[in-house]
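Numbered according to our numbering, the sequence shown spans residues 2 to 735.
What follows is one structure encoded as structure tokens, with my remarks underneath.
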Amino acid sequence: MTVMEDQTLTGTLDHITFQNPENHFLIGRFLADSAHHPITIKGTLYNVFEGQPLKLWGRWEEHREYGLQFAVEAFMEVTPTSAEGIERYLGSGVLPGIRERMAKRIVKAFGADTLAVLDTEPDKLLEVPKFPRKALAAVKEAWAEQRAIREIMVFLHAQGISQAYAERIFRTYGFGSVEVVKDNPYRLAMDVEGIGFRIADTIARRLGVPGDAPQRADAGVLFALEETAAQGHTGFPRPLLVAQAARLLEIAPPALEAAVTRLLGDGLLREMPPAAEGEPPVLFRPRLYRAEEGIAAHLGRLQGSPGGVAPEGMEERMAALERETGIYLAPEQRTAVLAALAHKVLVVTGGPGTGKTTIVRFILGLVRPATEAVALAAPTGKAAKRLSEATGWPAATIHRLLGAGPRGFERTQDHPLEADLLIVDESSMIDTLLMQALLAAIPDEARLVLVGDVDQLPSVGPGMVLADLIASGRIPVVRLEKIFRQRETSRITANAHQVRRGLQPDLARPPGEELADFYFLPEPEPERIVEKLLAMVTERIPQRFGFDPKHEVQVLTPMHRGLTGATHLNQALQAVLNPEGEPLPFAGGRYRVGDKVMQTRNDYTKEVFNGDMGEITAYDAEQRRLTITFDERPVVFEPKDLENLTLGYAITVHKSQGSEYPAVLLPITTQHAIMLQRNLLYTALTRARRLMVLVGTERAVHLAVRNARPEARYTCLRRHLLALAAPPPPAPAA
2 MTVMEDQTLT
12 GTLDHITFQN
22 PENHFLIGRF
32 LADSAHHPIT
42 IKGTLYNVFE
52 GQPLKLWGRW
62 EEHREYGLQF
72 AVEAFMEVTP
82 TSAEGIERYL
92 GSGVLPGIRE
102 RMAKRIVKAF
112 GADTLAVLDT
122 EPDKLLEVPK
132 FPRKALAAVK
142 EAWAEQRAIR
152 EIMVFLHAQG
162 ISQAYAERIF
172 RTYGFGSVEV
182 VKDNPYRLAM
192 DVEGIGFRIA
202 DTIARRLGVP
212 GDAPQRADAG
222 VLFALEETAA
232 QGHTGFPRPL
242 LVAQAARLLE
252 IAPPALEAAV
262 TRLLGDGLLR
272 EMPPAAEGEP
282 PVLFRPRLYR
292 AEEGIAAHLG
302 RLQGSPGGVA
312 PEGMEERMAA
322 LERETGIYLA
332 PEQRTAVLAA
342 LAHKVLVVTG
352 GPGTGKTTIV
362 RFILGLVRPA
372 TEAVALAAPT
382 GKAAKRLSEA
392 TGWPAATIHR
402 LLGAGPRGFE
412 RTQDHPLEAD
422 LLIVDESSMI
432 DTLLMQALLA
442 AIPDEARLVL
452 VGDVDQLPSV
462 GPGMVLADLI
472 ASGRIPVVRL
482 EKIFRQRETS
492 RITANAHQVR
502 RGLQPDLARP
512 PGEELADFYF
522 LPEPEPERIV
532 EKLLAMVTER
542 IPQRFGFDPK
552 HEVQVLTPMH
562 RGLTGATHLN
572 QALQAVLNPE
582 GEPLPFAGGR
592 YRVGDKVMQT
602 RNDYTKEVFN
612 GDMGEITAYD
622 AEQRRLTITF
632 DERPVVFEPK
642 DLENLTLGYA
652 ITVHKSQGSE
662 YPAVLLPITT
672 QHAIMLQRNL
682 LYTALTRARR
692 LMVLVGTERA
702 VHLAVRNARP
712 EARYTCLRRH
722 LLALAAPPPP
732 APAA
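Printed below as a string of structure tokens:
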């Protein structure tokens, strides 16, 4: 490949040929103002769409196979200068309410001066035939915002920052963006979504901030601590954090110790003293320290409040309910039901088929005569729906129960839930921040029952709340061990419990031609694994089991990367499950109408939360909006909202927590060795209701089962719980 000198091009992105959704690498046709024919460009371009005017910085390359290409190193959005270019620009939907026909009228009225009119005399738009007066205010506001963004972009481009980040900076700081960035570029890492320390550090270095500047050390320590939170820790030992920051920043540890001291003094860090002699102190971001402290305090408040004693005659009422339902409880199930009525707070934990749902139904049946003030909740929409169907009582997600909105939760300690009993399913999924918010909203007189499987993966967010509650000994716990929901042909449940106990699952092919619910397909080659997965999803499972390939079959995977990772599998599955879907022009070909998608971040305005699955059901080209349906509820998305979505044909096992699917496929190879853990395999198996298929190698399965010591999470919730005044009496032994 021959590389030529640097050059700058201005023109229009004519067509997007390819765009990688993971790193935004794009190949497309670009019509430069100085050329008569489109050229091929390649590079990393964020949030660009066909028809968009751009200024590109880069260099020409002569590729042996593909010929002359322009490799983009930086870009920014620009406004066109010719009447034709202005018409195409305005017609692309860059301003609300202006599409191709209206753009043609506007340019016909003002010609090459159109953009100057928008800059200085936007009210003249009312002179354009059929221009809607009610759209003027929105157009003026949008144009002023874009002008400010362009000015910011000119400054940020010199620092190597993309258009996408410029828009986020403007949304955060408004018209003072440039001044904020110049004053302290490291504020970006704390204030602007998606701009982490590394990008802020790049800007700072370009602005001349020294590598050993105190503000860089401070920001680097906070970044290192946020990195540990992304791995599930709520806090991190001080010496380990300083060492990690030193490697990251290439700054001597004494300077970072000074940074820690400054951050503690400014209230940006909290420190938990050593638990015992010889142990290090643990550093926290204040919100996580307060959350763990708050969880313990609220549990202590609930346990210390009156109530929770089972009324007399409960045994007789339970026997009557057994006769009425035809379901007779085993001793450990009876213990759990009585414990829920006797204690203010109770944890019920057990694997699949151990009767957790039956216990919840009996608790509800026994309290029904006394109160209707009962609330049921789960972390995800699917888990809440499943809980409601199993019990016959309405259930909500925790976020909806708490009234989540753009300003936070409506239900708080000052405005608590109206419930005498709260039952929360899938409690192993609840992270530290959400558990603190939930407990704060529970009134003193209420009872709380947390139901979950502690052997599953811990929450995606920081903490391991359910495990810490159980390990503390301060919360009554009922463990369910006996399996009630296991038929002779139910190999899913049997193998899940084998894995939980550290025993190898039965991977042998079922005898005969009768359909079973668990299969293992041996295949060592990743390429062949992908081929088999596609064949299973599109042909074999629908034909033999009758499952809908898009809505009833879910591919889970341990990782995002690699041939058998979620990113590549999503692209492959999209191609076979939705080949004719209309591509969304502003998504670079990544999404199509009809695609299965997953939300990756909580959006309280839309009431769509991390892990929610939906389908793109409509696209409005005029408004540049799309509709995504989540659990039969249509939600309108704009182009900027797509950054919080990913394709949902294949998702990681972590993201599947709280959900169940009729059929699950799991690729499992030694390429996933870093992620192969017993609780990951166990969690994957427990997601399947009627069919589970593993595709991979026995060695990978054995590695996962043997690895029962996943990386520990640093938390201090247990210490806060142990500080409670006194533990309650233990639940009766099963």
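Glycine residues also receive a C-beta, built at the ideal position from the N, C-alpha and C atoms.
Residue i versus residue j: straight-line alpha-carbon distance, rounded
i	j	result
residue 402	residue 283	33 Å
residue 516	residue 293	48 Å
residue 682	residue 364	31 Å
residue 183	residue 218	17 Å
residue 483	residue 20	51 Å
residue 421	residue 318	20 Å
residue 550	residue 538	6 Å
residue 400	residue 209	44 Å
residue 383	residue 661	8 Å
residue 130	residue 136	13 Å
residue 520	residue 201	49 Å
residue 1	residue 707	Nothing can be reported for residue 1: it is not among the residues displayed for the chain, which extend from 2 to 735.
residue 593	residue 582	5 Å
residue 190	residue 525	42 Å
residue 467	residue 638	35 Å
residue 513	residue 663	23 Å
residue 75	residue 696	42 Å
residue 433	residue 675	25 Å
residue 80	residue 18	23 Å
8 Å CB neighbourhood of residue i in its chain, flanking five on each side removed
i	result
residue 230	286, 289 and 463
residue 39	15, 16, 30, 31 and 32
residue 306	345, 445 and 446
residue 472	719
Among the options, the one whose alpha carbon lies nearest that of residue i
i	options	result
residue 648	677, 694 and 595	595
residue 67	36, 94, 32 and 28	28
residue 645	605, 670 and 297	605
residue 659	693, 98, 523 and 386	386
residue 713	680, 698, 297 and 575	680
residue 415	84, 439 and 324	439
residue 102	590, 91 and 673	91
residue 388	511, 428 and 372	428
residue 498	379, 63, 481 and 187	481
residue 703	608, 507, 566 and 301	507
residue 505	705, 334 and 86	705
residue 379	332, 431 and 355	431
residue 107	122, 128 and 720	128
residue 26	35, 540 and 42	42
residue 620	628, 175 and 413	628
residue 53	87, 37, 35 and 61	87
residue 291	437, 699 and 394	437
residue 615	624, 634, 625 and 672	634
residue 686	657, 670, 673 and 121	657
residue 394	410, 358 and 412	358
Own chain residues within Cβ distance below 6 Å of residue i, not counting five before or after
i	result
residue 337	349, 360 and 479
residue 157	167
residue 417	442 and 444
residue 715	234, 236 and 237
residue 204	160 and 186
Contact check, residue i vs residue j, beta carbons under 9 Å
i	j	result
residue 654	residue 688	yes
residue 84	residue 44	no
residue 238	residue 247	no
residue 347	residue 475	no
residue 260	residue 221	yes
residue 152	residue 181	no
residue 558	residue 458	no
residue 250	residue 279	no
residue 651	residue 574	yes
residue 455	residue 424	no
residue 1	residue 314	An answer regarding residue 1 cannot be provided, because it is not within the stretch 2 to 735 covered by the chain.
Distance cut-off 8 Å: residue i Cβ against heavy atoms of the ligand ZN
i	result
residue 323	Only the bare structure without any ligand can be found here, which leaves the ligand ZN out of the picture.
Neighbourhood of residue i by C-beta distance below 7 Å, restricted to the same chain and skipping five residues each side
i	result
residue 609	600, 631 and 636
Practice item. Please specify which runs of the alpha helix (DSSP H), each continuous and at least 4 residues long, are wholly inside the stretch 417-483, giving them in chain order. Key: DSSP assignment within the stretch 417-483 yields the following whole alpha helix (DSSP H) runs of 4 residues or more, N-terminal first: 433-441 and 466-473.
**Study point:** Unbroken stretches of the alpha helix (DSSP H), 4 residues or longer, contained in the stretch 254-299
**Key:** Given a length threshold of 4 residues, each whole run of the alpha helix (DSSP H) inside the stretch 254-299 is given here in chain order: 254-266.
Check your understanding: In chain order, which beta strand (DSSP E) runs of at least 3 residues are fully inside the stretch 548-613?
Key -> Complete beta strand (DSSP E) runs here, min 3: 554-558 and 597-600.
Check your understanding: Mind pulling the beta strand (DSSP E) runs of 3 or more residues that sit fully within the stretch 34-122?
Key -> Restricting attention to beta strand (DSSP E) runs no shorter than 3 residues, the stretch 34-122 encloses them at 40-45, 54-64 and 68-78, ordered along the chain.
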